Amino acid sequence: MSETYEESGRSGFEDHCCSEIPLKDNELCRTLLQHTKDSVVLYDIQSNRLTPLNEAAYHSVGYTKKEFEELEIDDVLVLRKQEEIPHYIEEISRGKVMAFPVLSRTKSGEIRRFHTTFLPVSSEKKNYILSINRDISERARIERELEKSRRKYSLLFQNINVGIMICEALYDRNGAIDDFVIQDANPCFATIVRSSVGKVIGQRASSVFEYWGIIKSYSGVISEVLKTRQPQCLELTTDRDFLVSVIPISDNFFAGTAMDITAQKQAEKVLERDKETLKKIVSEKTKELMKACMQLENSRRLSDIG
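Numbering (my numbering), first residue to last: -17 to 288.
Following this line, the structure appears as structure tokens:
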């Protein structure tokens, strides 16, 4: 590596690239290289050596500048098949610009993910490959976590024993909710309305619910939920009983959940009936007992007189 590079922090290639452009643009080029968060690396095809063009080039993989300059491309780039490296080099050398995610091995052995753009460049009759590398490891980790959460909640959405629908409110000329479109629904909801998921999505609620008149009577509750951004819970009775929640999502969107509590309500009615029956029995038995006690007391008094 040249003495100029060691002292100034610039490569001979960088000086050559900037030597034929105006001084103002020359300095701009160097400023961009040093301040970009992306690592910029120059790969010498003939020597198989790597030259860092900014600090991010070696900091991103945990090396010092001197250590990085001693590396070869195989030391950093991780591919599923090593024979892919010559193939990519040949393609880029022919003038093809390529961009794709790559895995890089850090000094500590950690594998980090970068989105890399490879460009063919030449200087002093030599061919190079310039790579601009953006570390997307954290983004990739977040995306994996989001995908994991998506799968988990999708599984819950599809299998939970509660009907769920995502709806967009439709308003009349007076600004009152007149109907709503079902944008998404789970199988349990489709079962509640005696249909299938494919047949209810995209449909107006008025054409889906058998008891639309009853449902529409609660449009004021939906309006209040969307206005206050506060969920509400209520009981709704059609030919069955449901515990319903209305949950705000955005200005015109809300989620509705419905749990069939018909069996619970019937059990409560049976329990209430049994309680009334028990109260009646206790009352009757109490009266009989009191009557028996009075008769016993009267018999005792007659015995005392005799």
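Even for Gly, the Cβ is constructed at its ideal location relative to N, Cα and C. Since the structure is predicted, the reported quantities are computational estimates derived from the model, not experimental observations.
Straight-line gap, residue i to residue j (C-alpha atoms, nearest Å)
{"i": "residue 6", "j": "residue 113", "result": "Only weak support exists for where residue 6 lies, its pLDDT of 45 falling under 50; the value from the coordinates is given anyway. One C-alpha to the other measures close to 24 Å."}
{"i": "residue 231", "j": "residue 99", "result": "39 Å"}
{"i": "residue -9", "j": "residue 9", "result": "With a pLDDT of 39 at residue -9, under the threshold of 50, the modelled position of this residue cannot be trusted; read the value that follows with caution. In a straight line, the C-alpha of residue -9 is about 13 Å away from that of residue 9."}
{"i": "residue 130", "j": "residue 140", "result": "15 Å"}
{"i": "residue 102", "j": "residue 128", "result": "36 Å"}
{"i": "residue 124", "j": "residue 169", "result": "29 Å"}
{"i": "residue 251", "j": "residue 196", "result": "22 Å"}
{"i": "residue 276", "j": "residue 287", "result": "17 Å"}
{"i": "residue 228", "j": "residue 236", "result": "7 Å"}
{"i": "residue 20", "j": "residue 118", "result": "10 Å"}
{"i": "residue 151", "j": "residue 164", "result": "9 Å"}
{"i": "residue 204", "j": "residue 158", "result": "10 Å"}
{"i": "residue 262", "j": "residue 244", "result": "27 Å"}
{"i": "residue 183", "j": "residue 166", "result": "5 Å"}
{"i": "residue 224", "j": "residue 241", "result": "5 Å"}
{"i": "residue 143", "j": "residue 192", "result": "21 Å"}
{"i": "residue 79", "j": "residue 85", "result": "18 Å"}
{"i": "residue 207", "j": "residue 133", "result": "28 Å"}
{"i": "residue -2", "j": "residue 105", "result": "Note that residue -2 scores a pLDDT of 42, beneath 50, so its modelled location is shaky; the value from the coordinates is reported in the next line. One C-alpha to the other measures close to 7 Å."}
{"i": "residue 209", "j": "residue 181", "result": "30 Å"}
{"i": "residue 267", "j": "residue 220", "result": "40 Å"}
{"i": "residue 279", "j": "residue 272", "result": "10 Å"}
{"i": "residue 198", "j": "residue 136", "result": "29 Å"}
{"i": "residue 214", "j": "residue 239", "result": "11 Å"}
{"i": "residue 174", "j": "residue 145", "result": "7 Å"}
{"i": "residue 218", "j": "residue 147", "result": "16 Å"}
{"i": "residue 83", "j": "residue 59", "result": "11 Å"}
{"i": "residue 23", "j": "residue 115", "result": "8 Å"}
Beta bridge counterpart(s) of residue i as assigned by DSSP
{"i": "residue 34", "result": "23"}
{"i": "residue 153", "result": "159"}
{"i": "residue 355", "result": "What is shown of the chain runs -17 to 288, which leaves residue 355 out entirely."}
{"i": "residue 109", "result": "104"}
{"i": "residue 230", "result": "236"}
{"i": "residue 291", "result": "Residue 291 lies beyond the stretch modelled for the chain, which goes from -17 to 288, so this question has no answer here."}
{"i": "residue 214", "result": "228"}
Secondary structure of residue i, DSSP reduced to three states
{"i": "residue 123", "result": "helix"}
{"i": "residue 242", "result": "strand"}
{"i": "residue 141", "result": "helix"}
{"i": "residue 68", "result": "helix"}
{"i": "residue 169", "result": "helix"}
{"i": "residue 52", "result": "coil"}
{"i": "residue 190", "result": "helix"}
{"i": "residue 61", "result": "coil"}
{"i": "residue 77", "result": "coil"}
{"i": "residue 132", "result": "helix"}
{"i": "residue 301", "result": "With the chain covering -17 to 288 only, the question about residue 301 has no answer from this structure."}
{"i": "residue 29", "result": "coil"}
{"i": "residue 43", "result": "coil"}
{"i": "residue 90", "result": "coil"}
{"i": "residue 18", "result": "coil"}
{"i": "residue 277", "result": "helix"}
{"i": "residue 185", "result": "coil"}
Terminal residues of the beta strand (DSSP E) in which residue i lies
{"i": "residue 93", "result": "93 to 105"}
{"i": "residue 85", "result": "80 to 87"}
Contact set for residue i: own chain, Cβ-Cβ below 7 Å, skip 5 residues either direction
{"i": "residue 27", "result": "71, 75, 109, 110, 111"}
{"i": "residue 88", "result": "43, 44, 94"}
{"i": "residue 61", "result": "67"}
{"i": "residue 50", "result": "32, 34, 39, 40"}
{"i": "residue 211", "result": "230"}
{"i": "residue 162", "result": "149, 150, 151, 152, 187"}
{"i": "residue 172", "result": "178, 179, 182"}
Bounding residues of the alpha helix (DSSP H) (the contiguous stretch that carries residue i)
{"i": "residue 118", "result": "Careful: residue 118 lies outside any alpha helix (DSSP H) and carries neither H nor E."}
{"i": "residue 203", "result": "201 to 210"}
{"i": "residue 56", "result": "55 to 58"}
{"i": "residue 179", "result": "179 to 182"}
The ligand FAD heavy atom lying under 7 Å from the CB of residue i
{"i": "residue 222", "result": "Ligands in the displayed structure: none, and consequently the ligand FAD is not present."}
Beta-carbon proximity list for residue i, same chain, < 8 Å, skipping 5 on both sides
{"i": "residue 54", "result": "30, 31, 32"}
{"i": "residue 81", "result": "97, 98, 99, 100"}
6 Å CB neighbourhood of residue i in its chain, flanking five on each side removed
{"i": "residue 194", "result": "188"}
{"i": "residue 283", "result": "none"}
{"i": "residue 234", "result": "150, 151"}
{"i": "residue 226", "result": "216, 218, 240"}
Residue-level contact to chain C via CB, residue i, 8 Å cutoff
{"i": "residue 50", "result": "Looking at the structure shown, chain C is missing, and only one protein chain is on hand."}
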